[in-house]
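Just so you know, we're using this note's numbering here: the sequence shown kicks off at 8 and counts up by one.
Please read the structure below before turning to the comments.
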Amino acid sequence: MDIGEQLAQAAQRLSKICDAAIPTLEKKTIVAHATNPLDYAWPHHEQFLHKWGNLGSHTLLLGMNPGPWGMAQTGVPFGATGVAQSFLQIEARELRTPKNAHPKRPIEGMALERQEISGTRLWNLMEQHYGSAESTFSNLFVVNHCPLLLLGETGKNITPNNLPTAIMNPILNACDEHLLDVVDIMGITRIIGVGKYAEQRARMALGAGKSGDGTSREGRSVRIDTCWHPSPASPLANRNEGADWRENVISVLQG
């Protein structure tokens, strides 16, 4: 079984656990609408895993969870619709909007015209730095720690760290297990958290210590680092029209 298929099976295991947790999230937290792109956008995510998971990368970029304009529409981490089609070469498939989706956030899939800024920034930088998708994924792979899109009543994006730990811990523990599966399947030797939260989750999953420390997995040394998140809500990402963010990410990749 090739790496792409192993990644697909691991993602489907996580997807089932997350699906089972959605009713509790919507009933007992401020999350009004929790949806799972690994489920309804699987025709896109599966392409991503099979197309780009087999190129031999041992470095993993780890995101947090989907936003409504990126992976929620494309099934691809940081997957703004423009770069998902042009750079990542994901072919558009018809997706169904989940019954519990936020009415202000319908699933338009690759037809969505609004472009997620974080995803556009990240993948454009990868193309500028590596030159092609093939070269990019020979050097790194990208996974979100948690696959769920979490929205409040108004449609505001909610991140896992802003929800009750007693409810989130079983979900996040499953996400940690999925991360460990990816590390083992791909022989990952370095994880770069895109933002501090992702770095912290990687450290918790692998039992690593403070920043700068690494750990071991399956006889391999796994180094854990972090780079700045490309979110437009981050002052660091916006500083000097994004030049400082780009310099930070490239310096980490080359570090």
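Backbone N, C-alpha and C define an ideal beta-carbon position, used for all residues, glycine too.
- Taking C-beta separations shorter than 8 Å and ignoring five residues to either side along the sequence, the partners of Asn43 in its chain run Ser22, Cys25, Asp26, Ile29, Pro105, Pro154, Leu155, Leu156, following chain order.
- In this structure the stretch 31–40 does not lie against the stretch 86–93, because fewer than three pairs of beta carbons, one per stretch, are closer than 8 Å.
- Under DSSP, Val149 forms a beta bridge with Leu68.
- The beta carbon of His51 sits closer than 7 Å to the beta carbons of Thr81, Gly82, Val83, Ile97, Arg100 from its chain, once the five residues preceding and following it are set aside; these are given in chain order.
- Gln13 and Ile192 have their C-alpha atoms spaced approximately 7 Å apart.
- Secondary structure within the stretch 178–211: the beta strand (DSSP E) runs of 3 or more consecutive residues, fully enclosed, are 197–201 (chain order).
- The three-state secondary structure of Ala41, taken from DSSP, is strand.
- By the CB criterion at 7 Å, Asn164 and Gly74 fall inside the cutoff.
- In the structure shown, Ser238 adopts coil according to DSSP, grouped into three states.
- Asp9 and Asn247 have their C-alpha atoms some 43 Å from each other.
- The three-state reading of DSSP puts Val256 in helix, counting H, G and I together.
- Looking at Leu187, Ala15, Trp76, the one whose alpha-carbon comes closest to that of Met211 is Leu187.
- By DSSP's assignment, Asn168 forms no beta bridge with any residue.
- Residue pairing for Asp232: DSSP places it in a beta bridge opposite Ile199.
- Across the structure, Met78 and Phe85 are spaced so that their CA atoms are roughly 6 Å apart.
- Excluding five sequence positions before and after Ile124, the CB atoms of its chain that fall closer than 6 Å to its own CB belong to Pro239, given in chain order.
- For the set His152, Phe55, Arg197, Leu158, the Cα lying nearest the Cα of Cys182 is the one of His152.
- The C-beta separation of Thr66 from Leu147 comes to about 4 Å, placing the pair in contact by the 8 Å criterion.
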